[in-house]
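Working notes, structure below.
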Amino acid sequence: MTASPVSDRSTKGDRPLWHRLLHLSWPWRVTWVYLTIMLFLPAIAMLLSASTVGSARFWQIATSDIALSTYNVTFGTSLAASLLNGVFGTIIAWVFVRYDFPGKRIIDAAVDLPFALPTAVAGLTLATVYSDTGWIGSLFAPFGIKIAFTRLGVFVAMVFISLPFVVRTLQPVLQEMEKEVEEAAWCLGASSWQTFWRVLLPPLIPAILTGVALGFSRAVGEYGSTVIVAGNVPFQDLIAPVLVFQRLEQYDYAGATVIGTVLLLISLLMLLVINLLQAWGRRYAD
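Count the sequence shown with this note's numbering and you get residues 145 to 430, in order.
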């Protein structure tokens with residue numbers, strides 16, 4: 145007599161945890177080993193290293209004046225850049241999906257340039273273009289507006305490197321939307337604005353928020369481009385990742401570890417928010 149599938153599953157469920165771990169499939173083993181070495185161990189090492197500083201010393205470093213200033217520059221500028229990309233990234237994605245024009249494939253591929261371009265090269269290019277003598281910076285210089293080597297330059301760099309996240313997150317959602325829904329709204333007497341606001345925008349909100357959150361996370365961790373296009377002056381345009389590097393140059397490993405741990409914890413929180421947004425988007429779509 146053969147055992148039923150139900151009894152087989154119940155027997156497997158009764159086995160000890162160590163027995164089930166030893167009999168995992170090879171893809172599972174490779175996945176856990178790789179994630180442990182490349183992801184979990186570095187994060188745990190950072191947290192353990194920060195725990196040796198002591199809670200009082202940790203709080204003192206994490207809430208020092210210069211640290212709070214870098215948090216303000218880093219997170220405030222990243223949020224402003226991601227929100228701006230949330231608006232213009234939505235428009236760009238809409239144009240790519242709904243319109244055909246000459247050179248569309250080339251321009252569409254160019255959106256991924258921040259992914260492929262080395263960040264140091266991006267920073268050098270932005271600093272050249274937005275300097276007082278650059279193509280764009282020279283247009284603002286007569287009005288007393290300085291872009292490169294200021295906080296505004298940091299903002300431009302963060303906009304540049306976070307734009308693709310919004311566009312690429314929205315494009316699949318727009319491609320799946322049926323045009324018949326718009327036509328039905330028009331037949332019922334809705335204007336173009338009412339159709340966009342009440343019919344098209346609600347399904348896009350989860351994807352827009354996900355793209356904005358992804359762009360925000362990317363901008364927070366940016367170093368290569370911002371360190372070149374910014375002046376890196378404390379209390380003006382110094383960002384937290386650059387402060388970590390400066391602490392390492394000064395052999396202040398405790399300070400670098402504490403600031404890095406704060407960024408790590410905030411990044412983990414952002415990942416949780418992104419996962420919640422994605423889960424909400426899936427439920428909304430269903």
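Cβ atoms here follow ideal geometry from the backbone N, Cα and C, with glycine treated the same way.
Here the structure is a predicted model, which means the values were calculated and not measured.
- Query: Can you give, in chain order, each stretch of the alpha helix (DSSP H) that sits fully within the region 260-316 and has at least 4 residues?
  - Reply: 263-273, 281-284
- Extent of the continuous alpha helix (DSSP H) run through P171: 170-179
- Using 8 Å as the Cβ pair cut-off and three pairs as the minimum, do the region 343-354 and the region 307-320 touch? yes
- Message: Can you tell me whether S154 is buried or exposed? The criterion is at least 16 other CB atoms within 10 Å of its CB, across all chains shown.
- Response: The predicted model places S154 with a pLDDT of 46, which falls under 50 and marks its position as unreliable, so this point remains unresolved.
- Proximity below 8 Å, CB of D381 to CB of R249: no
- Does the distance from the CB of S306 to the CB of G359 come in under 8 Å? yes
- Endpoints, alpha helix (DSSP H) assigned at M190: 185-195
- CA nearest to the CA of R242, picked from V217, P316, T269: P316
- Task: Identify which residue in M414, Y367, E393 has its Cα closest to the Cα of T214.
- Result: Y367
- Message: Quick check: the Cα distance between Q390 and L268, rounded to an integer number of angstroms?
- Response: 20 Å
- Return yes when the Cβ of F299 is within less than 8 Å of the Cβ of L270, no when it is not. no
- Close-in-space but distant-in-sequence residues of the same chain around L412 (CB under 7 Å, 5 per side omitted): none
- Task: Just the C-alpha distance for R201 and V373, rounded to the nearest angstrom, thanks.
- Result: 32 Å
- Which residues in the same chain as L408 place their Cβ atom closer than 7 Å to its Cβ, once the five residues preceding and following it in sequence are excluded? A187, M190
- Under 8 Å between the Cβ atoms of L221 and S369? A small correction: the amino acid at residue 221 is Thr; Leu does not occupy that position in the sequence shown. For T221 and S369, no; Cβs fall outside 8 Å.
- First through last residue of the alpha helix (DSSP H) which encompasses G230: 209-242
- Beta carbon of L314, beta carbon of A237: below 8 Å? yes
- Give me the Cα-Cα distance between G297 and G375, rounded to the nearest whole angstrom. 9 Å
- The alpha helix (DSSP H) with I352 in it runs from where to where? 345-364
- Return the residue from the list A211, V371, L185 that minimises the CA-CA distance to M302. V371
- Return the residue from the list L344, C331, L332 that minimises the CA-CA distance to L318. L344
- Query: What is the residue span of the alpha helix (DSSP H) that L382 lies within?
  - Reply: Careful: L382 lies outside any alpha helix (DSSP H) and carries neither H nor E.
- Would you call the CB atoms of F240 and D256 closer than 8 Å? no
- Task: Pull up the distance between the alpha-carbon of T325 and that of F340, whole angstroms please.
- Result: Note that residue 325 is Val in the sequence shown, not Thr. Approximately 11 Å, taken between the alpha carbons.
- Message: Taking a contact to mean a Cβ-Cβ separation below 8 Å, would you say I403 touches V388 in this structure?
- Response: yes
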